[in-house]
Amino acid sequence: MIEILTPAELVRARAAGALVGDILRTLRERSEAGTNLLDLDAWTREMIDGAGAVSCYVDYAPSFGRGPFGHHVCTSVDDAVLHGLPHDRVLRDGDLLTLDLAVSLDGVVADSAVSFVVGGQASAEDAAMISATERALAAAIAAARPGARVGDLSHAIGTVLREAGYPVSTQFGGHGVGSTMHQDPHVANDGRPGRGYELRPGLLLALEPWVMADTDRLVTDADGWTLRSATGCRTAHSEHTVAITADGAEVLTLPPARG
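Take the sequence shown: its position 179, counting from 1, is numbered 179 in UniProt numbering, and each next residue is one higher.
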């Protein structure tokens, strides 16, 4: 299913995106040495409930997981890159943490992810990897406009990641969003330009470049959810929800300015 939002629905999408951006910013600020992943999940629940929104994760039970997910935010640490199931683990300085959040507000979903090093002292390798995913995301956003094809976005992402020296997996890429979290079209993290669905104003896309330092192969934890690098290497993941407009792409999941 591919949904094209009306102007009224786009207003609600902006509100959902601002909420996701604000929650992720708050969680990042609270992610310090000694913070438990289960506390991050509890704080996420409080913020979602306080905004009158609904988590997209608690009841999420796709075929590839051991569902339902049962938590409110994905917390992926170090070699974990996707679907990190919160558990009783205390963060340490130097941990590379990815927070991934999807929320529905007034019937519209927004989805975003951010990677950062706890304590702020990132190694050169971690900083470069996080930067590569952020630059790949920016390249995809720059390519997103009416008349462009999904393959143009995939090619933009893949080009940045490959030129930065990272293996690229085409599993678990970006996707459409709307009234539900995962919709068509699938936006792989590499591809051929000029191919795929033609973008139209009103389309929402969650674009999410992710990489692992030295492999493109994933393994799944015993929890049935957490996906890790097969070699134990570090990982990074960046994601924004964007709306295709008449002029290009509007990023919806930036945190709102604080007064």
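Even for Gly, the Cβ is constructed at its ideal location relative to N, Cα and C.
None of the values given here were measured: they were computed from a predicted structure.
Can you give the Cα-Cα distance for residue i and residue j, rounded to whole angstroms?
i, j, result
"T245", "V109", "17 Å"
"R14", "V103", "12 Å"
"D184", "A139", "21 Å"
"G202", "M47", "28 Å"
"A164", "L199", "27 Å"
"F69", "T26", "22 Å"
"A257", "T215", "37 Å"
"R92", "D247", "43 Å"
When the distance is taken between beta carbons, is residue j closer than 8 Å to residue i?
i, j, result
"Y166", "V117", "no"
"A236", "T98", "yes"
"D106", "V73", "no"
"T170", "D152", "no"
"G173", "L205", "no"
"V219", "S112", "no"
"R45", "W225", "no"
"P209", "S179", "no"
"R217", "D79", "no"
"L96", "V77", "yes"
Out of the options, which one is the CA nearest neighbour of residue i?
i, options, result
"L254", "T241, D247 and G248", "T241"
"G194", "A144, F172 and L204", "A144"
"H87", "S238, V58 and D223", "D223"
"H83", "D95, F64 and R89", "F64"
"G158", "D41, V81 and V187", "V187"
Assuming the contact rule is C-beta atoms closer than 8 Å, residue i and residue j should be a hit. Round their C-beta distance to whole Å, please.
i, j, result
"L24", "T75", "Wrong, their Cβ atoms sit about 12 Å apart, outside the cutoff."
"A132", "V160", "6 Å"
"R234", "D126", "6 Å"
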